[in-house]
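In case it helps, the working numbering puts the sequence shown at residues 1 to 61. Cβ coordinates follow ideal geometry from the N, Cα and C atoms, glycine included. A quick note: this is a predicted structure, and the numbers were derived from the prediction, not measured.
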Amino acid sequence: MEGSNTAKFFDCEGISRFKGFGGVRIESDVHVTAGGCQNMTKCPRQIFEIEAVMAGVTMAT
Numbered sequence: 001m002e003g004s005n006t007a008k009f010f011d012c013e014g015i016s017r018f019k020g021f022g023g024v025r026i027e028s029d030v031h032v033t034a035g036g037c038q039n040m041t042k043c044p045r046q047i048f049e050i051e052a053v054m055a056g057v058t059m060a061t
């Protein structure tokens, strides 16, 4: 990342603190029309939702 055009946008020292941690990436499929948009992904996003799923609570579909 160092030396790249985007390096100025990252706190490399701060990021290095999390190198051994891993992470989570949540993506969405969004349907966009002239009338608006709708998130088509049924996935927990908020911390309380993710914790509930991890505790075995079934999400509504």
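Nearest residue (CA-CA) to residue i, options the options
i: I26; options: K8, G35, R45; result: R45
i: S28; options: V53, C43, G56; result: C43
Span of the alpha helix (DSSP H), counted from its first residue to its last, around residue i
i: V53; result: 47 to 54
i: C12; result: 12 to 16
For residue i, the first and last residue of its enclosing beta strand (DSSP E)
i: T58; result: Looking at the DSSP string, T58 is not in any beta strand (DSSP E), and its letter there is neither H nor E.
i: N39; result: 36 to 39
i: V24; result: Note, V24: premise wrong, no beta strand (DSSP E); not H, not E.
i: T33; result: 30 to 33
Under 8 Å between C-beta atoms of residue i and residue j
i: M40; j: V30; result: yes
Neighbour flag for residue i against chain C, beta carbons, 8 Å
i: R45; result: The displayed structure is made up of one protein chain only, and chain C is not part of it.
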